[in-house]
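Inspection log for the structure reproduced underneath, given as structure tokens.
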Amino acid sequence: MPLIEPGRKAPDFTLPDAAGTPCSLRRFAGWIVVLYFYPEDDTPLCTAQACGMRDINPELDDLGAAVIGISPDDPARHAAFAQKYGLNFHLLADHRRDRSGAPKVSARYGAWRSKSMYGREVTGIVRTTYILSPDLRIARRFDHVKTPTHAQRIRDAVRELRQALSA
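Count along the sequence shown from 1, add 506, and you get the number used in my numbering.
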């Protein structure tokens, strides 16, 4: 499926969190939501991305924003990843696959697509982040995320959105 364009309503979903408890997107209505898709827990770039989100999360919380990370890993792996790195936000398990083998929610958000990996064309999770407004519409989208600067770009985008909503 294609990426979702800004202005569109974010598709609702319910996925298990690291404790196995169902968590729905609609639960976050009224918040700015940073919804990011990543390939796999405890790999170098995914860990750097998650730790960047962890580091800015207190400021995002002050801005009325919630962070949700989604990958195909199962809840137990998310729990171990969160504990190992002190992750202070929601990790959701998109481990149910559709008939094509794609994680269902990642595919609906366009994060499951072709990418180049080690010089080969493969299909998998492409790092994609959506910032949702409090009415759960797509406010911003970041695709082909570059990990070293991503957290700062997200923090700045959330600040801008909060200022626009307050104006």
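All C-beta atoms in this analysis are idealised placements derived from N, C-alpha and C, irrespective of residue type, glycine included.
**Item:** Sequence-distant residues of its chain with Cβ nearer than 7 Å to Val611 (five each side left out)
**Value:** Phe519, Leu521, Ile576, Asp600
**Request:** With DSSP as the reference, please indicate the residues paired to Tyr542 in a beta bridge.
**Result:** Gly575, Thr635
**Prompt:** When the Cα of Gly513 is compared with those of Pro564, Ala670, Gln669, Leu642, which residue comes out closest?
**Reply:** Leu642
**C-beta atoms of Gly526 and Pro578 nearer than 9 Å** = no
**Prompt:** How would you label His584, buried or exposed, when you count the other beta carbons within 10 angstroms and need 16 or more for buried?
**Reply:** buried
**Arg533 to Thr653 span [Cα, whole Å]** = 28 Å
**Cutoff 8 Å; reference Glu511; Cβ partners in own chain excluding five residues on either side** = Ile644, Arg647
**Message:** Assuming contact is defined by CB atoms lying nearer than 9 Å, are Val573 and Tyr544 in contact in what I supplied?
**Reply:** no
**Prompt:** Taking the continuous beta strand (DSSP E) assigned at Leu598, which residues delimit it?
**Reply:** 596–599
**Message:** Do Glu546 and Ile631 count as a contact pair if the criterion is CB distance below 9 Å?
**Reply:** yes
**Message:** Whole angstroms are fine: how far does the CA of Asp662 sit from the CA of Pro609?
**Reply:** 29 Å
**CB contact flag (Tyr636, Ala516, <9 Å)** = yes
**Prompt:** How is Ser606 classed by DSSP in three states: helix, strand or coil?
**Reply:** coil
**Request:** Could you have a look at Ala673 and say whether DSSP puts it in helix, strand or coil?
**Result:** coil
**Item:** Pro654 in three-state terms, based on DSSP
**Value:** helix
**Prompt:** To the nearest whole angstrom, what separates the beta carbons of Phe587 and Asp548, a pair I think is in contact under 8 Å?
**Reply:** 5 Å
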